[in-house]
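This report refers to the structure that appears directly beneath it.
Number of protein chains: 2
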Amino acid sequence: MGDTPARSPLAPACFPDLGTIDGVEFASIAAGVKYAGRDDVMLVRLAPGTAIAGVFTRSSTRSAPVLDCQAKIGGTSDGGAAIIVNSGNANAFTGRNGTEATEAVTGAVADVLAIAQSRVFSSSTGVIGEPLPHARITDKLSALAAGLGGDNIKPAAHAIMTTDTFAKGATVTVEIDGNPVKITGIAKGSGMIAPDMATMLVYIFTDALVDQTVLQDMLAANNAVTFNAITVDSDTSTSDTVLLSATGISGVRIDAGNATFTGALQAVMRDLAHQVVRDGEGATKFVEVAVTGATTDRGAHIHALSIANSPLVKTAIAGEDPNWGRVVMAIGKSGAPADRDLISIRFGDVVVAVKGWVSPDYSEAAAAAHMKGENIVISVDLGLGTGHATVWTCDLTHGYIEINADYRS
Amino acid sequence: MGDTPARSPLAPACFPDLGTIDGVEFASIAAGVKYAGRDDVMLVRLAPGTAIAGVFTRSSTRSAPVLDCQAKIGGTSDGGAAIIVNSGNANAFTGRNGTEATEAVTGAVADVLAIAQSRVFSSSTGVIGEPLPHARITDKLSALAAGLGGDNIKPAAHAIMTTDTFAKGATVTVEIDGNPVKITGIAKGSGMIAPDMATMLVYIFTDALVDQTVLQDMLAANNAVTFNAITVDSDTSTSDTVLLSATGISGVRIDAGNATFTGALQAVMRDLAHQVVRDGEGATKFVEVAVTGATTDRGAHIHALSIANSPLVKTAIAGEDPNWGRVVMAIGKSGAPADRDLISIRFGDVVVAVKGWVSPDYSEAAAAAHMKGENIVISVDLGLGTGHATVWTCDLTHGYIEINADYRS
């Protein structure tokens, strides 16, 4: 791995103080899966009764741990549960060996913690196509279990990093029926970095008491507007995993439709999603693309992603160029409904184009001034209907090429 | 525009000797639409009876000239016809002004050449969102018409360039029923370059005698496997146009299903398509992605484009890295059917992965040696069916960022 990459210029000032979540314990350790001299395995123990929801990559080449998690989501929550994550090896595209490695690791965790193997969820992230040296992980499980503690979330957030330039965490406490409820999450991800098949892994915990099916619905709905609304380079990992665990220890029951809780959950998920973008490979600008006036929300999302994924839009942002023609191009190619002569575009607060042509009041100097900032907002109104969507991305720079065109060593 | 960009390292050694095509005359002139000191308008006069077929961008924000051409394709071929093309201004996203400019130019060409305006096809390529200064073009039409000649195709190919680093031409002569038939084309395009909304424009001419509906079918079928099978950066222009004109002067009648003629047409189209890729912004490698074993040809095409458009695959190629994990990722994200455990991958002749795992005989040194070449071939077999497709692309380099992140000046 050599040098540690420089911290992203868009990184938050510091890792937040996440405190503890009742019913959740963390441990991490250096198992030498691939990296040397750093923790690379995280173990999480969840109290009996914990409900667990999950959303996963839709890749048709998804990894063995993802397939295993998907099979386990929705099972009984009577006993305790656990999450085991390694960095350095993605256990992806490893054939039958991959399934066997996942079996070995989750089975050993079940034994050490005396819980059902069906309640042990695992993730692997790192290089693909190489067999996971699972004994290096299972050899450390007793030591990991001995180190479990409620205070250990920060080193755990570091243990799951691959080539992230900073650890990612977020927490919100809300009052529900007069009682505090906490939602805390950690994440890793910064695009898909050589030499690793890096990916986005997210683990969120709450002490709220939520039925698994309600929790699953809340996670899926919020995922659509957070983790599914970010893009660094349009490439999709084989390992993307978001797990949401509700221990119920607070005793505060959350039913479907609880806007306070789901709002707080969305805030934590959006915060983590933005941190992943802010750690985008080579990123120097954080970009919000907001599309309104589409025929449907789905159409708005397609347009927003087309803009956010366009190499020409992303390089223009890197060059601080208010090149609205490329935005028009990206709308045109998206495949979703648009009428050229109804499109309006803003960069920040600067009105660039109105109803299909450059605004008579357009000031390129004002637009260029907005582009010089660190946070760029591109707003598009299609003038067709009420569909809307927002996505977040970063610019495309020499840094991205440097990171990804280096020979895998 | 400043300095002329350096000729692409992947450019052909020279512009081919295209000779003449019976019934086709060319002229070009410096009209100062935007560029100074170079020809920027091309006029083509086509003999009475010429059948004209066309395929166009599917962008929903396509330009006024594209909409005008689409309305005219399929009309009578009794009188003469003409094609007028300017570089420097795309006449796109220009509202009603764009339609009026196209009307003005095609109407003036009709007057000067004494042909029907419905038989005058136009293209514009260059910066978007600025009104086309159409009087600069119409003022030069008499001089252009006076300069028409069968020998002028080479300067015409130069006049339509924007930031292309070389002019593009191809020609094939085949014998049909003992008579020679000629197919010759010119093209421009090298991605979508700042400051221009550059595009792909292609004009192909033949002296064969072909009904317009047959010609249209042949063009559409061959377009699917040539110009629709190339990608530089996944971005789609608002102006893409391919026009195929058959003058009939050779007297050799071509019916539907003439494999000799359609094969020759495909060869010319593929040659021009490859030249566009070879002029891709910042390109240092010419890449063929061949997918076999898909459930359908359409599925194979989706997988091949997903690989060819992946920034991670393209940067790996730039770095001469046989990073097959990224190919697996791109297959997984494409949305078309794939079974992880049936996928096989080759780089050149080197077998990398077989049925979902790295080949036991895989030699990274051999794969790396292939990646050092100028022509890269990535072959994927999905093991599912007989669907197949091939696409061509280039690598993603610092040169692309340099070209596209420069401030528009």
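Residue numbers (my numbering), protein chains in the order written: chain A, 1 to 409; chain B, 1001 to 1409.
From the three backbone atoms N, C-alpha and C, an ideal C-beta is built for every residue, glycine too.
Residue i, DSSP secondary structure in three states
i	result
A353/A	strand
V1041/B	strand
K19/A	Here the sequence assigns Gly to residue 19/A, which means Lys is not the residue at that position. G19/A: coil per DSSP, three-state reduction.
A108/A	helix
E1100/B	helix
I1401/B	helix
I1378/B	strand
G387/A	strand
C394/A	strand
G1373/B	coil
L1113/B	helix
I73/A	coil
A1330/B	helix
R1007/B	coil
V1232/B	coil
E364/A	helix
Closer than 7 Å to chain B by CB, residue i
i	result
F442/A	Because chain A spans 1 through 409 in this model, residue 442/A falls outside it and cannot be assessed.
G332/A	yes
S28/A	no
V276/A	no
F93/A	yes
T231/A	no
A318/A	yes
L312/A	yes
I21/A	no
I128/A	yes
Within-7 Å CB hit, residue i to chain A
i	result
F1056/B	no
R1340/B	yes
G1356/B	yes
T1238/B	yes
L1305/B	no
A1405/B	yes
S1250/B	no
V1268/B	no
V1328/B	yes
T1315/B	yes
T1295/B	no
H1413/B	There is no way to answer for residue 1413/B, as the model of chain B reaches only from 1001 to 1409.
V1391/B	no
Local Cβ density within 10 Å of residue i, reported as buried at 16 or more and exposed below that
i	result
D339/A	exposed
C1014/B	exposed
S245/A	buried
N375/A	exposed
S1344/B	buried
A6/A	exposed
R1326/B	buried
K1140/B	buried
E1130/B	buried
G293/A	buried
P1322/B	buried
P1065/B	buried
D1151/B	exposed
T213/A	exposed
G1088/B	buried
S1363/B	exposed
E175/A	exposed
Near the ligand SAM: residue i beta-carbon under 6 Å from a heavy atom
i	result
R119/A	Judged by which ligands are present, the structure shown has none, so any question about the ligand SAM falls away.
request  = Write down every uninterrupted run of the alpha helix (DSSP H) in the region 1181–1229 of chain B whose length is 4 residues or greater and which is fully enclosed by it, in chain order.
outcome  = 1212–1224
query = At which residue ranges does the region 1124–1186 of chain B contain complete alpha helix (DSSP H) runs of 4 or more residues, listed in the order of the chain?
reply = 1134–1138, 1141–1146 and 1153–1159
ask   = For the region 280–291 of chain A against the region 392–400 of chain A, are there 3 or more C-beta pairs whose distance is under 8 Å?
value = Verdict: yes, contact present.
task = Go through the region 1240–1318 of chain B residue by residue and report every complete run of the beta strand (DSSP E) that reaches 3 residues or more, in order.
result = List check, beta strand (DSSP E) in window: 1241–1246 and 1286–1294.
ask   = Are three or more beta carbon pairs between the region 178–190 of chain A and the region 47–57 of chain A nearer than 8 Å?
value = Flag = no, the region 178–190 of chain A and the region 47–57 of chain A do not touch.
inquiry  = Does the structure place the region 85–93 of chain A close enough to the region 237–244 of chain A that three or more beta carbon pairs sit under 8 Å?
reply    = Touching, yes, given that three or more Cβ pairs across the two stretches are closer than 8 Å.
ask   = If we count Cβ pairs, one from each stretch, closer than 8 Å, do we get three or more for the region 254–269 of chain A versus the region 375–387 of chain A?
value = Flag = no, the region 254–269 of chain A and the region 375–387 of chain A do not touch.
task = Please confirm if the region 1023–1033 of chain B is in contact with the region 198–218 of chain A, defined as three or more CB-CB distances below 8 Å between the two stretches.
result = no
inquiry  = For the region 110–130 of chain A against the region 63–81 of chain A, do three or more pairs of beta-carbon atoms, one drawn from each stretch, fall closer than 8 Å, so that the two count as touching?
reply    = yes
Stretch pair the region 1019–1029 of chain B + the region 1212–1219 of chain B: three plus CB contacts closer than 8 Å = no
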